[in-house]
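One point on numbering: in the numbering used here, the residue at position 261 of the sequence shown is 264, and numbering is uninterrupted.
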Amino acid sequence: VRTAPLLLVALLLASSTQAVANSEDSSMWQDARIGVNGGTIGALVIPLSNETTYTEVSMNASDMYPVVEVYTATWCENCVITENALDEAIGNSDVMRIHYHRHWLESMDPFGSNATEERWVSAYGEASTSIGGAPRLAPTTVFDGERMHIGKIPSSSSLSNDYATSLATGQSSDLGGSPMHLTIMAYDAAEGVMMFSWDIGLQGPIGSCCLTLTPWLLFVEDSASFPEGTNGLGDYLHVLHDAVELEELDGTASVHVPPAWDDDDMSAVLIIDWSTEQGKSECCFPRLPGPGVAAASLCLIVALLPSRRER
């Protein structure tokens, strides 16, 4: 008679244990956005070269891989420590890494632009200021646009463990719908002009009643050599040169492609910022409330009470 209630109790206690574990994991990072539930998903990537012609890529929401955004500088010695830890955490996993370099009021770092600074500050400046006292702090690492790690001091046994845990947590959007598409229709490498189209077919599980999607086209260079960098890296990877906010979820446009610092290793990258109003995320992303220990205990008491049939 009591089998079903006891099974329910076991399930609730297991869920409570998982909730505690999740809470412990979340102490390793801070929320990357303030005032909204949101993050970043992606990415569609098309390498650009002198030989690039018509190219189309698409991806389903279920196939998207983590986006890791790093705020760094060529003089930042602590950034070498955090980036080495990030390399260890990522290993051979499929990840889109994007490194933002300081540009505003900056004389020692040649990378970055007004647009890259504006994207960082608009997305993460408020959280960075709340946590660390300034909107642009090197080093800062953000996973999936949701989880922020500032500085080199670990919250667990090691920084690589912090990062690996954050990476394994994954993005929380639960987006579905049609695949995303990015198409390069024409690219004039000599003039640095690219004609492209995009289509974002994503939506929330039960519609888009409170969901906002903002596509961004980024230009990321695989590797840029700068021996003058005082942190000693010499070669700087995943360098973000420009960030273009797309005002619609689909369309066609032309854009100027920034020149690569060296070599021929620039890529066009499409990512999506998503957000819901804080306190209204159930509108688009319904979640069952996490059972607490008190709820599980109550169920246990009920399960142990004799039923009328036993009387």
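Each residue gets a CB set at the ideal place from its N, CA and C atoms; glycine is no exception.
Cα-Cα separation, residue i to residue j
| i | j | result |
| --- | --- | --- |
| Ala-92 | Trp-32 | 15 Å |
| Asp-202 | Leu-221 | 16 Å |
| Phe-199 | Val-272 | 12 Å |
| Ser-29 | Val-196 | 43 Å |
| Ser-257 | Ser-52 | 17 Å |
| Ile-187 | Asp-90 | 31 Å |
| Ala-246 | Asp-276 | 13 Å |
| Glu-251 | Pro-218 | 8 Å |
| Ser-26 | Pro-261 | With a pLDDT of only 48 at Ser-26, under the threshold of 50, the placement of this residue in the model should not be trusted, and no figure is reported. |
| Ala-193 | Asn-117 | 23 Å |
| Trp-78 | Met-151 | 21 Å |
| Glu-280 | Thr-233 | 42 Å |
| Glu-121 | Glu-109 | 15 Å |
| Met-67 | Gly-204 | 14 Å |
Residue i - partner residues in DSSP beta bridges
| i | result |
| --- | --- |
| Arg-100 | Val-71 |
| Pro-182 | DSSP lists no partner for Pro-182. |
| Ala-227 | Tyr-239 |
| Ile-274 | Gly-45, Trp-219 |
From the options, residue whose alpha carbon lies closest to that of residue i
| i | options | result |
| --- | --- | --- |
| Arg-36 | Val-124, Asp-97, Tyr-239 | Val-124 |
| Leu-243 | Glu-72, Thr-233, Ala-167 | Glu-72 |
| Thr-143 | Asp-268, Asn-81, Ala-167 | Asn-81 |
| Ile-49 | Trp-277, Met-269, Ser-278 | Met-269 |
| Thr-168 | Ala-88, Ala-263, Gly-207 | Ala-88 |
| Trp-107 | Ala-76, Glu-280, Ile-134, Val-223 | Ala-76 |
| Glu-86 | Leu-236, Glu-248, Pro-262 | Leu-236 |
| Leu-216 | Ile-274, Ser-160, Asp-238, Asp-267 | Ile-274 |
| Thr-119 | Tyr-74, Gly-148, Cys-213 | Tyr-74 |
| Gly-115 | Asp-165, Thr-58, His-241 | His-241 |
Contact belief for residue i with residue j at Cβ below 8 Å, rounded distance in angstroms
| i | j | result |
| --- | --- | --- |
| Gly-45 | Val-70 | 5 Å |
| Val-60 | Leu-185 | 5 Å |
| Ala-130 | Asp-34 | 6 Å |
| Leu-170 | Phe-146 | 6 Å |
| Trp-264 | Glu-231 | About 12 Å separates the two Cβ atoms, so there is no contact after all. |
| Ser-133 | Glu-149 | Not really, about 15 Å apart at Cβ, beyond 8 Å. |
Touch test, the stretch 96 to 108 against the stretch 176 to 183, Cβ-Cβ under 8 Å, three pairs minimum = no
message = Within 8 Å, do at least three Cβ pairs link the stretch 54 to 68 to the stretch 134 to 149?
response = no
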